[in-house]
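Participant: Attaching a single structure in structure tokens format; questions to follow.
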Amino acid sequence: MLGIEANLGNDSLIMQSNLATDFINHSISTDNFSFDGGIKLGYQYYFDKEALGVKQAYGMSASLYIGAGVPISGETYAKFIPQDPSDPQDASYIFKASYLPIKVGLDIKFLWDFLESGEHTLGLSAGIGYRFSYYKNTEAILGNSYGEVASEVNTSNAYDDMMIHAFLPQLGLHYYCGSHQFEINCKFGVAYSGATEGDMLRAFAGGDEIAYKIKIKSSDYLSLGYSYLF
Numbered sequence: 048m049l050g051i052e053a054n055l056g057n058d059s060l061i062m063q064s065n066l067a068t069d070f071i072n073h074s075i076s077t078d079n080f081s082f083d084g085g086i087k088l089g090y091q092y093y094f095d096k097e098a099l100g101v102k103q104a105y106g107m108s109a110s111l112y113i114g115a116g117v118p119i120s121g122e123t124y125a126k127f128i129p130q131d132p133s134d135p136q137d138a139s140y141i142f143k144a145s146y147l148p149i150k151v152g153l154d155i156k157f158l159w160d161f162l163e164s165g166e167h168t169l170g171l172s173a174g175i176g177y178r179f180s181y182y183k184n185t186e187a188i189l190g191n192s193y194g195e196v197a198s199e200v201n202t203s204n205a206y207d208d209m210m211i212h213a214f215l216p217q218l219g220l221h222y223y224c225g226s227h228q229f230e231i232n233c234k235f236g237v238a239y240s241g242a243t244e245g246d247m248l249r250a251f252a253g254g255d256e257i258a259y260k261i262k263i264k265s266s267d268y269l270s271l272g273y274s275y276l277f
């Protein structure tokens, strides 16, 4: 089978500042609506109903997926603490970052067709999926509360790309019309998720040492798909 897939979910970008003692540091989690789409290629097999002695169809499917999504972004800041309490200075460093997700996955499912009528079939599926998500750093901007960008700090090249490995149980509903298959799957309750953190970004601007750390967490998501069965 050959088809397309679209996935809807939520990615959290957790950014933490770590500056000198004369700054108030912050850890901020930004929730991003995540969408990725791509192509899938797989194989589907149904067992012989007579050999099993059953009236309804049972089968297995395995498919590979590759796709890309919309960028996710977030920001955090560190606020300067004046040594003189009467100093009205309100300064802070602000760090913003964006990532482009690229995803590859494998899904293995058990199929049960509980309703068949001519070319029309309705069924349920259950299985497990694996997703490798590569988050490419597309933007990293360091500025201050006055709207100035620290041009001497090339953060785009200094910051790491990120990776997540996840295993997700899934439940789904599928509908066949001849060789056309439509399905909706809920990939939930992450069995294992290895969310890696980027190395601490260290740079200097205006005499201050600047350090930030980023972590990405991916949640459950809804998957919509169409396949043509050869």
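Offset between the sequence shown (1-based) and this note's numbering: plus 47.
Every residue gets a Cβ at the ideal spot worked out from N, C-alpha and C, and that includes glycine.
Source: prediction; values computed, not measured.
Please report the distance separating the alpha-carbon of Ile31 from that of Ile113.
Facilitator: Outside the shown range of the chain (48 to 277) lies residue 31, about which nothing can therefore be said.
Participant: Just the Cα atoms here: how many angstroms apart are Lys262 and Trp159?
Facilitator: Against the sequence shown, residue 262 aligns to sequence position 215. Against the sequence shown, residue 159 aligns to sequence position 112. Approximately 39 Å between the Cα atoms of the pair.
Participant: Look up Glu163 in the DSSP assignment and say whether it is helix, strand or coil.
Facilitator: Here residue 163 is taken as the residue at index 116 of the sequence shown, counted from 1. It is a strand residue.
Participant: According to DSSP, is Leu153 part of a helix, a strand, or is it coil?
Facilitator: By 1-based counting over the sequence shown, the position of residue 153 is 106. Three-state DSSP puts Leu153 in a strand.
Participant: What whole-angstrom Cβ distance do Asp208 and Asn184 have, given they're in contact under 8 Å?
Facilitator: By 1-based counting over the sequence shown, the position of residue 208 is 161. By 1-based counting over the sequence shown, the position of residue 184 is 137. Contact flag correct, Cβ pair sits at about 5 Å.
Participant: Excluding five sequence neighbours on each side, which residues of the same chain lie with their C-beta closer than 6 Å to the C-beta of Phe229?
Facilitator: Locating residue 229 in the sequence shown gives position 182, where the first residue counts as 1. Same-chain partners within the cutoff: Tyr222, Tyr273.
Participant: If I'm right that Pro155 touches Ala109 with Cβ under 8 Å, what's the distance once you round it to whole angstroms?
Facilitator: By 1-based counting over the sequence shown, the position of residue 155 is 108. By 1-based counting over the sequence shown, the position of residue 109 is 62. What sits at residue 155 in the sequence shown is Ile, not Pro. Their Cβ separation, rounded to whole angstroms, is 5 Å, which keeps Ile155 and Ala109 in contact under 8 Å.
Participant: Using a Cβ-Cβ cutoff of less than 6 Å, which residues in the same chain neighbour Glu186 once the five nearest sequence positions on both sides are dropped?
Facilitator: Working through the sequence shown from its first residue, we reach residue 186 at position 139. Closer than 6 Å at the Cβ level, and outside the excluded window around Glu186, lie Ser145.
Participant: Considering only the beta carbon of each residue, do Leu218 and Ala173 sit closer than 8 Å?
Facilitator: Taking the sequence shown and counting its residues from 1, the one referred to as residue 218 is at position 171. Taking the sequence shown and counting its residues from 1, the one referred to as residue 173 is at position 126. Their beta carbons are under 8 Å apart, which means Leu218 touches Ala173 by this criterion.
Participant: Please classify Gln63 as buried or exposed, where buried requires at least 16 other C-beta atoms within 10 Å of its C-beta.
Facilitator: By 1-based counting over the sequence shown, the position of residue 63 is 16. Answer is buried; the Cβ neighbour count reaches 16.
Participant: In angstroms, rounded to a whole number, what distance separates the CA positions of Ser175 and Lys126?
Facilitator: Taking the first residue of the sequence shown as 1, we reach residue 175 at position 128. Taking the first residue of the sequence shown as 1, we reach residue 126 at position 79. In the sequence on display, residue 175 carries Ile and not Ser. Each residue's alpha carbon lies about 45 Å from the other.
Participant: Which two residues bound the contiguous alpha helix (DSSP H) that contains Leu99?
Facilitator: Taking the first residue of the sequence shown as 1, we reach residue 99 at position 52. Run containing Leu99: 96-99, per the alpha helix (DSSP H) assignment.
Participant: Across which residues does DSSP place Gly174 in a beta bridge pair?
Facilitator: Position 127 of the sequence shown, counting from 1, holds the residue named residue 174. The partner list for Gly174 (beta bridge, DSSP) reads Lys156, Gln217.
Participant: By DSSP, does His212 sit in helix, in strand, or in coil?
Facilitator: Position 165 of the sequence shown, counted from the first residue, corresponds to residue 212. Three-state result, His212: strand.
Participant: Tell me whether the beta-carbon of Asn54 lies closer than 8 Å to the beta-carbon of Asp83.
Facilitator: Here residue 54 refers to the residue found at position 7 of the sequence shown. Here residue 83 refers to the residue found at position 36 of the sequence shown. In contact: Asn54 and Asp83 (Cβ atoms closer than 8 Å).
Participant: When you compare the CB positions of Leu49 and Tyr275, do they come within less than 8 Å of one another, or not?
Facilitator: To locate residue 49, count along the sequence shown from 1; it is residue 2. To locate residue 275, count along the sequence shown from 1; it is residue 228. In this structure, Tyr275 lies closer than 8 Å to Leu49 by Cβ.
Participant: Can you name, in chain order, every residue of its own chain whose Cβ lies under 6 Å from the Cβ of Ile61, other than the five neighbours on each side?
Facilitator: On the sequence shown, residue 61 is found 14 positions in, with the first residue counted as 1. Ser76, Lys262.
Participant: Which whole-angstrom value is the C-beta distance of Lys264 and Asn65, which I expect to be below 8 Å?
Facilitator: Your numbering for residue 264 matches position 217 in the sequence shown. Your numbering for residue 65 matches position 18 in the sequence shown. Rounded, the Cβ-Cβ distance is 19 Å, inconsistent with contact.
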